[in-house]
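Data block below; observations after.
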Amino acid sequence: MHNFSQDIRDAISKYGIVNDPVYGEAYAFEVDGFGSANRMDDANIPSLLSAPFFGYLNISDPVCQNTRKFILSKDNPYFMRGPVISAVGGPHAGLGKSWPVASIICIFTTDDDSEIKNQLKEIVSSTDGARLDT
């Protein structure tokens, strides 16, 4: 089984990392085996953003960091910016709808205190009075 898991990891490294002209080497959400890649992430878990949370990647890995920068940017078609919360959504929820679970994963996969505080503030501000701030 260990050999099988290593083979899968090797294949992801070989075929799942694409070169982005803006972000450098980064993981694709999907590849088709013919050279095309779907560049996005989804708020569900597992996701590319959650890979460090599960121990698949080290948060300091340059490819992981490049992937994260892309996921949390306007270039990710499912990164939503709103007046209260800005987070990753996904095709199942539709454009313009972010999921707070992605904000929680952002918190768990960063060492940046400012990012953590901002994500927590956005989550609490988006609860519409559910009193998560008490």
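Numbering (my numbering), first residue to last: 758 to 891. Don't be surprised by glycine CBs; every beta carbon is placed ideally from N, CA and C. Here the structure is a predicted model, which means the values were calculated and not measured.
In terms of Cα proximity to ILE802, the closest of ASP777, LYS854, PHE810 is PHE810. For SER843, the enclosing beta strand (DSSP E) stretches over residues 843-845. By the criterion of a C-beta distance shorter than 7 Å, GLY839 is surrounded in its chain by SER855, once the five residues flanking it on both sides are discounted.
One thing to note: PHE836 has its Cβ no nearer than 9 Å to the Cβ of ILE842. The shortest C-alpha to C-alpha distance from ASP789 to any of ILE864, ILE861, SER817, ILE769 is the one to ILE769. Spanning the alpha carbons of PHE791 and GLN876 requires a straight line of approximately 37 Å.
In this structure, ALA785 is the residue among GLN763, LYS771, ALA785, ASN760 with its C-alpha nearest to the C-alpha of LYS826. Under the DSSP assignment, ALA783 falls in the beta strand (DSSP E) whose first and last residues are 781-784. If you ignore the 5 residues before and after ALA844, its C-beta comes within less than 6 Å of the C-beta of SER855, ALA859, SER860, all in its own chain and listed in chain order.
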